[in-house]
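Letter 2 of the sequence shown, counting from 1, is numbered 9 in this note's numbering, and no numbers are missing. Encoded as structure tokens, the structure appears first; notes follow it.
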Amino acid sequence: VVLQNLLMCVILFYAVYYAVLGMGCMTLKVSELDVLAPFDFKTNPSWLNTNYKVLLVSTEVTYFVCGLLFVLVVEEWVWDYTISVTILHVAVIST
Numbered sequence: 008v009v010l011q012n013l014l015m016c017v018i019l020f021y022a023v024y025y026a027v028l029g030m031g032c033m034t035l036k037v038s039e040l041d042v043l044a045p046f047d048f049k050t051n052p053s054w055l056n057t058n059y060k061v062l063l064v065s066t067e068v069t070y071f072v073c074g075l076l077f078v079l080v081v082e083e084w085v086w087d088y089t090i091s092v093t094i095l096h097v098a099v100i101s102t
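In structure tokens:
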């Protein structure tokens, strides 16, 4: 049950991330964002860089929305699943 809930949370996390990323690209008129954007840690952090702003806002909105949606999936121990998804995401980015 725990692994099933974790898998659902990971799928939900990336689904929300790509949805928010798509809306951010349309809003800020970014046409050249890579499909692997959630895994991009080499973007130059600058407020003048529109790609950086899209990635930053997408990440923040995704964590906020997923924190609320995880309650519907797991109903309890939400922070454990949120931290587990975060650790998994960082591990995937780091490799």
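Glycine residues also receive a C-beta, built at the ideal position from the N, C-alpha and C atoms.
Judging by CA-CA distance, which residue of N12, W54 and F48 is the nearest neighbour of V99?
F48
If you check the beta carbons only, do L63 and A44 fall under 8 Å apart?
no
On the DSSP letters alone, give me the boundaries of the alpha helix (DSSP H) that F77 sits inside.
Where F77 is concerned, the enclosing alpha helix (DSSP H) stretches over T57 to V81.
Mapping DSSP to helix, strand and coil, what is T34?
helix
Under the rule that 16 or more other beta-carbon atoms within 10 Å means buried, what is L14, buried or exposed?
exposed
If we count the other Cβ atoms within 10 Å of its Cβ and call it buried at 16 or more, is F20 buried or exposed?
buried
Distance check for V17 and V81, CA to CA, integer angstroms please.
12 Å
In its own chain, which residues sit with a C-beta less than 7 Å from the C-beta of L35, not counting the 5 before and 5 after it?
Excluding residues within five positions, the ones whose Cβ falls inside 7 Å are T57, K60 and V61.
Report the option in L40, V97, Y88 and V23 whose CA atom is closest to the CA atom of V8.
Y88
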